[in-house]
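Chemist: Starting off with a structure, shown below.
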Amino acid sequence: MKKKCLSLLLTGAMVLSAISFGMVASAEEDTIKVGMVTDVGGVNDGSFNQSSWEGLQRASEELGIEVDYLESSTDADYATNIETFIDGEYDLIICVGYMLADATRAAAEDYPEQKFAIIDDATCSDLENVTCLMFEQAQASYLVGYVAGLTTESNTVGFVLGMSTDTMNQFGYGYLAGVLDANPEATVLQQNANSFSDTATGKSMATAEITGGADVIFHAAGATGLGVIEACTENGIWAIGVDSDQSSIAPETILTSAMKRVDNACYDVAQQCLEGTLESGVITYDLASEGVDIAPTTDNLSDDVLEAVNEVKEQIINGDIVVPSTQEDFEAAYGDIYELD
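Those letters in the sequence shown? Residues -27 to -1, 1 to 314, per mature numbering (1 follows the signal peptide of the UniProt record, and there is no 0), in order.
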């Protein structure tokens, strides 16, 4: 009788153990892993990469997704970092920025079962395992350009570009259009740093524009822009941030920021991957979908400027204002007066 009871107890324990193991396995299957590869700006750039990582951190907290990132010090690191996540059997790999396009395409072609998302590049949209996250950044840049045009007292504003590419030039032409629509008498000084990670160059270029009379400077330059903000702070003029609300970097200096909600985009694709609804192709975030905007921090904006920029925001959403995003579109509306280097 004792042996029979013991046998029943052991059998029961084995059944409970099997059930418990099944529950753990099921829980593990419900959890996915998402890895993020930064561009050379790094995860603490206060901008593009950092905002992307913040979106994944939110996905981890709210959805229970396992997230991690790898930083790229040079272009050569992109493929290596992607391969590391593939070897780690991550369900989704998010590549931050168009500079990772070649590495993303190569990996996606070699590993057709691996899911990828890439920010600010649509050249991989033909691949069935890549989701391209695009933004109408010209719309956000137009808004901060409008702010700059209304705020400047010298009628001279500045712009520091991280790199001249089709994607980055959208920032520039949107900004130029916004400045000129708000203030046709304004002059825009612009320089190209050819880097997203050279803070010293950003500072020297901003200093040169300040010497040229600029009293508001917008940067679209990643970590290079931190040097722009530093120069503006030291010279007591306004800086306009990019990608995220950069007011925390220099609260007395940042007038506003042109926001690209890459945090929301990263959260969205992570959630879709978890739910099994992630699709390939292009997803575009714009002002109407709250994918781009000016920063919610408005302490440094006058009431008149804030009211005016909210009015043009509605005109963009309604289609009454069409923001140029290319040199051709800009010149058609404003003439051959600026060309981004």
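Note that CB positions come from ideal geometry on N, CA and C, so glycine has one too.
Every value quoted in this text rests on a predicted model; they were computed, and no experiment measured them.
Helix, strand or coil, according to DSSP, for E39 in the structure here?
Modeler: Position 66 of the sequence shown, counted from the start, is the residue given in the question as residue 39. Of the three classes helix, strand and coil, the one that applies to E39 here is strand, per DSSP.
Chemist: DSSP three-state call for I66: helix, strand or coil?
Modeler: Taking the first residue of the sequence shown as 1, we reach residue 66 at position 93. Three-state DSSP puts I66 in a strand.
Chemist: Taking contact to mean 3 or more Cβ pairs, one atom from each stretch, closer than 8 Å, check whether the region 239 to 259 and the region 22 to 31 are in contact.
Modeler: yes
Chemist: Return the Cβ separation of A196 and S177 in integer angstroms, given the expectation that the two are a contact with Cβ distance under 8 Å.
Modeler: Within the sequence shown, numbered from 1, the residue matching residue 196 stands at position 223. Within the sequence shown, numbered from 1, the residue matching residue 177 stands at position 204. Under the criterion of beta carbons closer than 8 Å, A196 and S177 do not qualify as touching, at roughly 15 Å.
Chemist: Within this structure, are the beta carbons of V120 and I213 separated by less than 9 Å?
Modeler: Sequence index remark: in the sequence shown, residue 120 carries index 147 (1-based). Sequence index remark: in the sequence shown, residue 213 carries index 240 (1-based). In contact: V120 and I213 (Cβ atoms closer than 9 Å).
Chemist: Over the uninterrupted alpha helix (DSSP H) stretch that includes G151, give me the two end residues.
Modeler: In the sequence shown, counting from the first residue as 1, residue 151 sits at position 178. Where G151 is concerned, the enclosing alpha helix (DSSP H) stretches over D139 to A155.
Chemist: Within the chosen definition, does the region 56 to 73 reach the region 270 to 280 through at least 3 CB pairs nearer than 8 Å?
Modeler: no
Chemist: In its own chain, which residues sit with a C-beta less than 7 Å from the C-beta of Y307, not counting the 5 before and 5 after it?
Modeler: Residue mapping note: residue 307 aligns to position 334 of the sequence shown, counting from 1. Excluding positions up to five away in sequence, the list reads A150 and L153.
Chemist: So L134 and A194 are supposed to be a Cβ contact under 8 Å. How far apart are they, rounded?
Modeler: Within the sequence shown, residue 134 is the residue found at index 161, counting from 1. Within the sequence shown, residue 194 is the residue found at index 221, counting from 1. Going by Cβ atoms, the distance from L134 to A194 rounds to 6 Å, so yes, they are a contact pair.
Chemist: If you follow the alpha helix (DSSP H) that T77 is in, where does it begin and where does it stop?
Modeler: As a position in the sequence shown, residue 77 is number 104, starting the count at 1. Note, T77: alpha helix (DSSP H), A74 to D83.
Chemist: Give the DSSP bridge partners of I92, in chain order.
Modeler: The residue labelled residue 92 in the question sits at position 119 within the sequence shown. Paired residues: L106.
Chemist: Return the residue from the list L65, I91 and V282 that minimises the CA-CA distance to T77.
Modeler: Position 104 of the sequence shown, counted from the first residue, corresponds to residue 77. Among L65, I91 and V282, the Cα nearest to that of T77 is on I91.
Chemist: Classify T299: buried if its beta carbon has 16 or more other beta carbons within 10 angstroms, exposed otherwise.
Modeler: Residue mapping note: residue 299 aligns to position 326 of the sequence shown, counting from 1. Exposed: under 16 other Cβ atoms inside 10 Å.
Chemist: Does the distance from the CB of M9 to the CB of V40 come in under 9 Å?
Modeler: Within the sequence shown, residue 9 is the residue found at index 36, counting from 1. Within the sequence shown, residue 40 is the residue found at index 67, counting from 1. For M9 and V40, yes; Cβs fall inside 9 Å.
Chemist: Could you compute how far the alpha carbon of L(-20) sits from the alpha carbon of E86?
Modeler: Residue numbering aside, residue -20 sits at position 8 when the sequence shown is read from its first letter. Residue numbering aside, residue 86 sits at position 113 when the sequence shown is read from its first letter. Caution is warranted here: a pLDDT of 39 is assigned to L(-20), below 50, making its placement in the model unreliable, and no coordinate value can be reported.
Chemist: Report all residues from its chain with a CB closer than 6 Å to the CB of L260; omit the five preceding and five following residues, and keep chain order.
Modeler: Position 287 of the sequence shown, counted from the start, is the residue given in the question as residue 260. Q112, I289 and I290, listed in sequence order.
Chemist: Are the CB atoms of G185 and T129 nearer to each other than 9 Å?
Modeler: What you label residue 185 is simply residue 212 of the sequence shown in a count that begins at 1. What you label residue 129 is simply residue 156 of the sequence shown in a count that begins at 1. It is a contact, given that the beta carbons lie within the stated cut-off.
Chemist: In terms of residue numbering, what span does the beta strand (DSSP E) encompassing I267 cover?
Modeler: Within the sequence shown, the letter at position 294 stands for residue 267. Note, I267: beta strand (DSSP E), V265 to I267.
Chemist: Just to confirm the assignment, what range does the alpha helix (DSSP H) spanning S177 have?
Modeler: Start at 1 with the first residue of the sequence shown, and residue 177 comes out as number 204. Counting along the chain, the alpha helix (DSSP H) containing S177 begins and ends at T172 to T184.
Chemist: Roughly how many whole angstroms lie between the Cα atoms of D302 and A74?
Modeler: As a position in the sequence shown, residue 302 is number 329, starting the count at 1. As a position in the sequence shown, residue 74 is number 101, starting the count at 1. Near 25 Å, if we compare the C-alpha coordinates of A74 and D302.
Chemist: According to the neighbour-count rule (16 or more other Cβ atoms, all chains shown, within 10 Å of its Cβ), is D277 buried or exposed?
Modeler: Taking the first residue of the sequence shown as 1, we reach residue 277 at position 304. Classification of D277: exposed, given that the 10 Å Cβ count is below 16.
Chemist: Would you list, in sequence order, the uninterrupted alpha helix (DSSP H) runs of no fewer than 4 residues that lie entirely inside the region 182 to 241?
Modeler: 197 to 208
Chemist: Verify whether the separation of the beta carbon atoms of A159 and T125 is less than 9 Å.
Modeler: As a position in the sequence shown, residue 159 is number 186, starting the count at 1. As a position in the sequence shown, residue 125 is number 152, starting the count at 1. Yes, these two residues count as a Cβ contact at 9 Å.
Chemist: If we ignore side chains and look at the alpha-carbon of each, how far apart do K6 and L36 end up?
Modeler: Indexing the sequence shown from 1 puts residue 6 at position 33. Indexing the sequence shown from 1 puts residue 36 at position 63. Cα to Cα, the separation comes out at about 11 Å.
Chemist: Give the straight-line distance between the Cα atoms of G(-6) and Y258, rounded to the nearest whole angstrom.
Modeler: Within the sequence shown, the letter at position 22 stands for residue -6. Within the sequence shown, the letter at position 285 stands for residue 258. For G(-6), the predicted structure reports a pLDDT of 34, less than 50, and the residue's modelled location is therefore unreliable. A value from the coordinates is still provided. Cα to Cα, the separation comes out at about 40 Å.
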